[in-house]
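Under the working numbering, the very last position in the sequence shown is 909; numbers go up by exactly one each time.
Before any comments, here is the structure.
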Amino acid sequence: MKTKTLTTLLAIPLVLSSARADDLAAPEIKVSGFGTGALTWTNTSDALFSRPLQAGGVGTKPRTGVDSNVGLQVDAGINDWLSVTGQGLVRKLETDTYSATGTLAFAKAKLSDNVSVRAGRVPLAVFLVSDYRNVGYANTMLRPSQEVYAQVPNDSLDGADIDWRQDLGASTLTTQFAYGRSSAKVAGETLTFTNAKVLNLILDQGPFVVRLGRDEATLALEQGSFALPKVKVSFTALGFSLDWRNLVVQSEFTKAQAPGADTKAWYAMAGYRFGKLLPFVSHSKMTGAIAQTTDSVGVRWDAFRSADIKFQLDRVKPQDGGLFNQPGPAFHGPVTVGAVGVDFVF
564 MKTKTLTTLL AIPLVLSSAR ADDLAAPEIK VSGFGTGALT WTNTSDALFS
614 RPLQAGGVGT KPRTGVDSNV GLQVDAGIND WLSVTGQGLV RKLETDTYSA
664 TGTLAFAKAK LSDNVSVRAG RVPLAVFLVS DYRNVGYANT MLRPSQEVYA
714 QVPNDSLDGA DIDWRQDLGA STLTTQFAYG RSSAKVAGET LTFTNAKVLN
764 LILDQGPFVV RLGRDEATLA LEQGSFALPK VKVSFTALGF SLDWRNLVVQ
814 SEFTKAQAPG ADTKAWYAMA GYRFGKLLPF VSHSKMTGAI AQTTDSVGVR
864 WDAFRSADIK FQLDRVKPQD GGLFNQPGPA FHGPVTVGAV GVDFVF
């Protein structure tokens, strides 16, 4: 989606806020933003380290494009039951240049205290941190697990979703169902997921969260004028997180199924706060059609009120290129990846 379209999406709340003046005399409009400025490097020039769907990457020369982004979100409350949201994100993705995409553009209707519906471009919520995977400040690590989050690189769905929240004693159970389509481009290929059905069960009890998700869709892959036959794909994920006193724990177990390309992956991350410092360690692993493991250590420093500073060091062990871009004939692991970044919200 190009910048012109992005501008249109972000203008949706402003347009709707001027309609039906009798009901929208005083719309509540909130503008917020987030971003990450990061420098990333590796110890090899034989392949490029990148995030999922990125066309480029980084070698031994430090670059900002892998882990940097900036986003803007506009929320408008039309009345006590209707609101609209638009979000745009600037990052490097399908080309090795910064470009703007419209990541969210939906209307939300609150049907009751426990049920709400969203329609438009909504989050593709299949992971533990799907709702904020692009917001570095909301995450402990500098980037989500490559091995797990590469299985479903798309982060939005064109369609609708419904949330139903139920109080179960001291816990809250949220049942979420979504339906729609999603597409992404990378390296001259277009991946389109149609008839996508997503079901999530989320149990929240104070500092503890458990999430179980299932996604089924039809995948179409196009390479220029050539299109492969459509296939059925599925994704299952179980995740949990704990943020209790000074202890932070997060883990996900996932399975992606596609003809001839099944993968399983998992990661576990743990950290402990010492004042404003949060050192952490993580291990992640992917097996199947693509195989790779990563061991990570890092630290998050909440140096400012609305910004943090992070440093992360990864030791990546790929098999047959793993998740790296453009691996050369001499490429082999392990690879050391370093990154330092500043996350901010406003």
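Every residue gets a Cβ at the ideal spot worked out from N, C-alpha and C, and that includes glycine.
Nothing here was measured: the structure is a model prediction, and the numbers come from that model.
Between the alpha carbons of Phe740 and Gly722 lies a distance of about 11 angstroms. With contacts defined as CB atoms closer than 9 angstroms, Asp638 and Val647 qualify as a contacting pair. Between Leu691 and Gln813, the gap from beta carbon to beta carbon is short of 9 angstroms. Counting only the Cα atoms, Gly732 lies some 44 angstroms from Gln617.
Beta-bridge partners assigned by DSSP to Arg654: Ser662. In this structure, DSSP gives Ala682 an extended state, which the three-state scheme calls strand. Considering only Asn642, Ala701, Asp643, the residue with the shortest C-alpha distance to Asp806 is Ala701. In terms of Cα proximity to Val715, the closest of Gln729, Ser797, Thr735 is Ser797.
Taking a C-beta distance under 9 angstroms as the contact criterion, Val908 and Ser869 qualify as a contact pair.
Burial check for Lys671: the Cβ neighbour count within 10 Å reaches 16 or more, so the residue is buried. Glu815 counts as buried, since no fewer than 16 other beta carbons sit within 10 angstroms of its beta carbon. Distance from the Cα of Leu754 is smallest, within the candidate group Leu762, Asp694, Pro792, for Pro792. The beta-carbon separation of Val773 and Ile725, rounded to 20 angstroms, does not stay under the 8 angstroms limit for a contact.
Exposure of Gly838 is indicated by the presence of fewer than 16 other C-beta atoms within 10 angstroms of its C-beta. Short of 6 angstroms from the beta carbon of Leu876, and not among the five residues preceding or following it, lie these beta carbons of its own chain, in chain order: Val860, Gly901. In terms of Cα proximity to Arg878, the closest of Ala663, Gly904, Ser847 is Ser847. Taken in chain order, the complete alpha helix (DSSP H) segments of 4 or more residues contained in the stretch 745 to 815 number zero; there are none. Rounded to whole angstroms, the separation of the alpha carbons of Thr757 and Ile853 is 24 angstroms.
For Gln714, there is no enclosing beta strand (DSSP E), as DSSP gives it neither H nor E. Taking C-beta atoms as the reference points, Lys748 and Ala780 fail to come closer than 9 angstroms. Note that the C-beta distance between Val594 and Leu635 is below 9 angstroms. A check of alpha carbon separations from Gln855 across Val898, Leu652, Ala688, Asn606 identifies Val898 as the nearest. Taking C-beta separations shorter than 8 angstroms and ignoring five residues to either side along the sequence, the partners of Glu752 in its chain run Leu784, Glu785, Gln786, following chain order. Arg863 sits buried, since 16 or more C-beta atoms from the chains shown fall within 10 Å of its C-beta. For His895, there is no enclosing beta strand (DSSP E), as DSSP marks it with neither H nor E. Around the beta-carbon of Val811, 16 or more other beta-carbon atoms lie within 10 Å, marking it buried. Ala852 sits in coil when the DSSP states are folded into three classes, being neither helix nor strand. For Ser693, the three-state secondary structure derived from DSSP is helix. Assignment of Gln709 by DSSP, reduced to helix, strand and coil, places it in the helix class. As computed with DSSP, Ile592 is found in a beta bridge with Ala639.
Apart from the 5 residues on each side of it in sequence, Phe894 sits with its Cβ closer than 6 angstroms to the Cβ of Asp609, Ala610 in its chain, given in chain order.
Only exposed fits Arg808, as fewer than 16 other CB atoms lie within 10 angstroms of its CB.
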